[in-house]
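Under our numbering, residues 1058 to 1309 are what the sequence shown spells out, in order.
The C-beta atom is built at its ideal place from N, Cα and C for all residues, glycine as well.
What you are looking at is a predicted structure, and each value in this text was computed from that prediction instead of being measured.
First the structure, in the form of structure tokens, and then the observations on it.
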Amino acid sequence: MPEQVRTAVVTGAGRGIGESISRRLAADGFSVIATDVDEATAAATGEAIGGVGRRLDVKDPDDVAAFAADVERCDVLVNNAGVWRFTPLLGTSPDDFRHVMETNVLGTLLCTQALAPIMARGGGGSIVNLTSLTARAITPFVGVYSASKAAIIALTIQTALELASDGIRANAVGPGFIPTPGTLDTYGADEETQRARGKIVPLGRYGTSAEVADAVAWFASHESRYVTGQVLFVDGGVSEATVPFLFQAQSR
Ligand SMILES: NC(=O)c1ccc[n+]([C@@H]2O[C@H](COP(=O)([O-])OP(=O)(O)OC[C@H]3O[C@@H](n4cnc5c(N)ncnc54)[C@H](O)[C@@H]3O)[C@@H](O)[C@H]2O)c1
1058 MPEQVRTAVV TGAGRGIGES ISRRLAADGF SVIATDVDEA TAAATGEAIG
1108 GVGRRLDVKD PDDVAAFAAD VERCDVLVNN AGVWRFTPLL GTSPDDFRHV
1158 METNVLGTLL CTQALAPIMA RGGGGSIVNL TSLTARAITP FVGVYSASKA
1208 AIIALTIQTA LELASDGIRA NAVGPGFIPT PGTLDTYGAD EETQRARGKI
1258 VPLGRYGTSA EVADAVAWFA SHESRYVTGQ VLFVDGGVSE ATVPFLFQAQ
1308 SR
């Protein structure tokens, strides 16, 4: 009997890191369901990788339930959809809080709740959540973005512990400075600016979406079968950079 093709669901797959993850998982042989709140970009990613694209707003419980009702098999779930609003804490409104927390944290929870039972029915699988460098190196003036990404680490570990008996692993990947359509304002839109700013990273440059996708692909694969509840920072070493290191790095 031919081996069953494994299915991966990726959220926020219309652009940036989610698009790269979808591309990489498709190259690894997964049948990928690329989802995004933006229907057109989800469709474009789905078409580009030979998978399917679906509109899915991860923070909408009805949307998530309706989406999951159409999913027959799910071996890998990548909770990648994420948003941020950079404000000082004292200027962060309840609307800012809800927007960031509902997309990043509630969205991760809802997709896990909806798809984990499907995964369990198929014998298990792997959930990969996107956290961030900023969950570990807490950053000022990012509103509740750091808090949301720290919450995702706690959710990941709890997911790993509660779902291990269903054969489901859960791990998190924490990107560092990765230029994407969503971060160009922060990291600089042109290559020269990015090159100059990237010197502060221990490995000497900003990272790429493909490098984040490589780590996600490992957590999605059989190679990581004995790994659960872990966080892997894909940040060129920034999360380990000490103040003396940063002083030195400024002059290189
Ligand atoms: N780029 C970085 O430097 C960086 C660093 C750390 C963590 N991350 C995390 O990686 C993930 C991807 O980041 P990116 O830089 O590719 O962002 P991006 O803004 O380029 O892309 C995010 C995608 O998520 C989609 N999205 C937003 N809200 C959604 C919702 N409610 N439902 C479904 N989809 C939704 C957007 O439409 C977009 O296609 C995020 O979780 C982000 O927090 C990124």
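Within 7 Å: the Cβ of residue i and any heavy atom of ligand 1?
i            : result
residue 1181 : no
residue 1137 : yes
residue 1152 : no
residue 1210 : no
residue 1189 : yes
residue 1213 : no
residue 1142 : no
residue 1134 : no
residue 1197 : no
residue 1072 : yes
residue 1256 : no
residue 1107 : no
residue 1290 : no
residue 1242 : no
residue 1276 : no
residue 1121 : no
residue 1271 : no
residue 1113 : yes
residue 1245 : no
residue 1232 : yes
residue 1067 : no
residue 1235 : yes
residue 1265 : no
What is the C-beta distance between residue i and residue j, in whole angstroms, given that I count them as a contact (C-beta under 8 Å)?
i            : j            : result
residue 1099 : residue 1107 : Not a contact, Cβ separation roughly 14 Å.
residue 1078 : residue 1140 : Actually they are not in contact, since the Cβ atoms of residue 1078 and residue 1140 sit about 17 Å apart, beyond 8 Å.
residue 1291 : residue 1233 : 7 Å
residue 1210 : residue 1188 : 5 Å
residue 1073 : residue 1091 : In fact, because the Cβ distance is near 12 Å, the residues do not count as touching under 8 Å.
residue 1081 : residue 1094 : The pair is not a contact, with the Cβ atoms about 21 Å apart (cut-off 8 Å).
residue 1190 : residue 1296 : 5 Å
residue 1192 : residue 1257 : That pair is no contact at about 19 Å.
residue 1143 : residue 1199 : 5 Å
residue 1235 : residue 1273 : Residue 1235 to residue 1273, Cβ: 12 Å. No contact.
residue 1229 : residue 1285 : Not really, about 11 Å apart at Cβ, beyond 8 Å.
How far does the beta strand (DSSP E) with residue i in it extend, from its first residue to its last?
i            : result
residue 1111 : 1109 to 1112
residue 1090 : 1088 to 1093
residue 1258 : From DSSP, residue 1258 is part of no beta strand (DSSP E); its letter is neither H nor E.
residue 1146 : No beta strand (DSSP E) contains residue 1146, which DSSP labels as neither H nor E.
So what does residue i bridge to, in DSSP terms?
i            : result
residue 1290 : 1231
residue 1182 : 1225
residue 1187 : 1230
residue 1163 : DSSP lists no partner for residue 1163.
residue 1134 : 1066, 1184
With residue i as the anchor, note down where its alpha helix (DSSP H) starts and where it stops.
i            : result
residue 1105 : 1096 to 1105
residue 1195 : Run containing residue 1195: none; DSSP gives neither H nor E here.
residue 1270 : 1266 to 1277
residue 1079 : 1073 to 1084
residue 1247 : Looking at the DSSP string, residue 1247 is not in any alpha helix (DSSP H), and its letter there is neither H nor E.
residue 1119 : 1118 to 1126
residue 1299 : Residue 1299 -> no alpha helix (DSSP H), and no H or E assigned at all.
residue 1215 : 1202 to 1220
Could you tell me whether any non-hydrogen atom of ligand 2 is closer than 7 Å to the CB of residue i?
i            : result
residue 1200 : Ligand 2 is not part of the structure shown, which contains ligand 1 as its ligands.
Contact the segment 1062 to 1069 vs the segment 1086 to 1099: 3+ CB pairs below 8 Å = Contact between the segment 1062 to 1069 and the segment 1086 to 1099 is present, because at least three Cβ pairs lie under 8 Å.
key: Touching by the beta-carbon criterion (3+ pairs, under 8 Å), the segment 1220 to 1230 and the segment 1167 to 1178   = Contact between the segment 1220 to 1230 and the segment 1167 to 1178 is present, because at least three Cβ pairs lie under 8 Å.
request  = Could you tell me whether the segment 1178 to 1185 touches the segment 1116 to 1136, where touching means 3 or more Cβ pairs closer than 8 Å?
outcome  = Verdict: yes, contact present.
query = At a cut of 8 Å, does the segment 1196 to 1205 reach the segment 1154 to 1163 through at least three beta carbon pairs?
reply = Flag = yes, the segment 1196 to 1205 and the segment 1154 to 1163 touch.
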